[in-house]
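Taken in order, these protein sequences are the chains called G and E.
Quick note: the first sequence uses the numbering used here, first residue 1, plus one each step.
Quick note: the second sequence uses the numbering used here, first residue 117, plus one each step.
Reading through the structure tokens given below for one structure.
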Amino acid sequence: GAGVSQTPSNKVTEKGKYVELRCDPISGHTALYWYRQSLGQGPEFLIYFQGTGAADDSGLPNDRFFAVRPEGSVSTLKIQRTERGDSAVYLCASSLMGRPGGDEQFFGPGTRLTVL
Amino acid sequence: EDKVVQSPLSLVVHEGDTVTLNCSYEVTNFRSLLWYKQEKKAPTFLFMLTSSGIEKKSGRLSSILDKKELFSILNITATQTGDSAVYLCAVRGGTSYGKLTFGQGTILTVHP
Numbered sequence: 001g002a003g004v005s006q007t008p009s010n011k012v013t014e015k016g017k018y019v020e021l022r023c024d025p026i027s028g029h030t031a032l033y034w035y036r037q038s039l040g041q042g043p044e045f046l047i048y049f050q051g052t053g054a055a056d057d058s059g060l061p062n063d064r065f066f067a068v069r070p071e072g073s074v075s076t077l078k079i080q081r082t083e084r085g086d087s088a089v090y091l092c093a094s095s096l097m098g099r100p101g102g103d104e105q106f107f108g109p110g111t112r113l114t115v116l
Numbered sequence: 117e118d119k120v121v122q123s124p125l126s127l128v129v130h131e132g133d134t135v136t137l138n139c140s141y142e143v144t145n146f147r148s149l150l151w152y153k154q155e156k157k158a159p160t161f162l163f164m165l166t167s168s169g170i171e172k173k174s175g176r177l178s179s180i181l182d183k184k185e186l187f188s189i190l191n192i193t194a195t196q197t198g199d200s201a202v203y204l205c206a207v208r209g210g211t212s213y214g215k216l217t218f219g220q221g222t223i224l225t226v227h228p
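In structure tokens, the structure reads:
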């Protein structure tokens, strides 16, 4: 597709359940990023991939959060034992990741996660 | 820890006004500063700045970076109702090549 796509657009789950959020980056982009945005705040970095490997996972809040990108394209963010505090919009972005100063990141529409 | 502060937090203007949005930052090993516009969900890219004093311009929007004083401004001239959005500033630096640290955003409302 032309842009970054994310599914589902909305996810409602119960406390303690497991959820998976999917991101399909722009074709040809080697870098992929996950952010989390709470109401009234800017996006907060979680993890980014260069190819298949996680280049920086310093933003993952705890070991309930995990992300994979097995073939260097689509990525899945996995959250175990969800808590109400995990409720937020989860944004995915991708970039070419070629220039020394970094690249502009192009964002998807996000997945709104609500944990009841 | 990297830090980005935007001001004002919100701004209400009338069509035709000119606005200036501010972004100050603290980051080790600065690499770049980016501006985004967020209307509903996806932030859309506006500018990336890496060098001081060089203005980037796109239509009625322009932005400039001051690496000595550690800030950037985003100017919008002849505002239109379609400019109403949250404007986000982000910096890239430190040891992470890809991580962006965002400010809390400025909510701009343009009335007809």
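Even glycine gets a Cβ: it sits at the ideal position worked out from N, Cα and C.
Predicted, not measured: the structure shown is a model, and the values here were computed from it.
Between residue i and chain G, is any beta-carbon pair separated by less than 8 Å?
| i | result |
| --- | --- |
| residue 201 of chain E | no |
| residue 140 of chain E | no |
| residue 190 of chain E | no |
| residue 169 of chain E | no |
| residue 161 of chain E | yes |
| residue 110 of chain E | There is no way to answer for residue 110 of chain E, as the model of chain E reaches only from 117 to 228. |
| residue 126 of chain E | no |
Using beta carbons (cut-off 8 Å, strictly below), is residue i in contact with chain E?
| i | result |
| --- | --- |
| residue 33 of chain G | yes |
| residue 110 of chain G | yes |
| residue 57 of chain G | no |
Near residue i, what residues of its chain come up, given a Cβ to Cβ distance below 6 Å and the 5 sequence neighbours on each side ignored?
| i | result |
| --- | --- |
| residue 160 of chain E | 153 |
| residue 181 of chain E | 149, 165, 168 and 188 |
| residue 14 of chain G | 116 |
| residue 177 of chain E | 192 |
| residue 74 of chain G | 24 |
| residue 133 of chain E | 195 |
Going along the chain, which residues of its own chain have a beta-carbon closer than 7 Å to the beta-carbon of residue i, five neighbours each way excluded?
| i | result |
| --- | --- |
| residue 197 of chain E | 131, 226 and 228 |
| residue 104 of chain G | 95 |
| residue 59 of chain G | 44, 45, 46 and 47 |
| residue 51 of chain G | 30 and 72 |
| residue 144 of chain E | 209 and 210 |
Going by DSSP, what residue range makes up the beta strand (DSSP E) through residue i?
| i | result |
| --- | --- |
| residue 67 of chain G | 65 to 68 |
| residue 10 of chain G | 10 to 13 |
| residue 94 of chain G | 88 to 95 |
| residue 159 of chain E | 159 to 165 |
Closer than 8 Å by beta-carbon distance: list the chain G residues that pair up with residue i, in chain order.
| i | result |
| --- | --- |
| residue 217 of chain E | 45 |
| residue 150 of chain E | 104 and 105 |
Closer than 9 Å by beta-carbon distance: list the chain G residues that pair up with residue i, in chain order.
| i | result |
| --- | --- |
| residue 204 of chain E | 42 and 43 |
Below 9 Å on C-beta distance, what does residue i contact in chain E?
| i | result |
| --- | --- |
| residue 89 of chain G | 157 |
Using the beta-carbon of each residue, which ones in chain E are nearer than 7 Å to residue i?
| i | result |
| --- | --- |
| residue 48 of chain G | 214 and 215 |
What in chain G is Cβ-close to residue i, meaning under 7 Å?
| i | result |
| --- | --- |
| residue 175 of chain E | Residues of chain G passing the Cβ test: none, with the nearest at roughly 17 Å. |
| residue 221 of chain E | 42 |
Which one of the options has the shortest CA to CA distance from residue i?
| i | options | result |
| --- | --- | --- |
| residue 128 of chain E | E:155, E:185, E:200 and E:172 | E:200 |
| residue 113 of chain G | G:55, G:84, G:106 and G:93 | G:84 |
| residue 70 of chain G | G:19, G:39, G:107 and G:30 | G:30 |
| residue 170 of chain E | E:202, E:190, E:126 and E:137 | E:190 |
| residue 223 of chain E | E:135, E:142, E:213 and E:184 | E:135 |
| residue 17 of chain G | G:107, G:93, G:90 and G:65 | G:65 |
| residue 41 of chain G | E:195, E:162, E:126 and E:213 | E:126 |
| residue 34 of chain G | G:2, G:80 and G:6 | G:6 |
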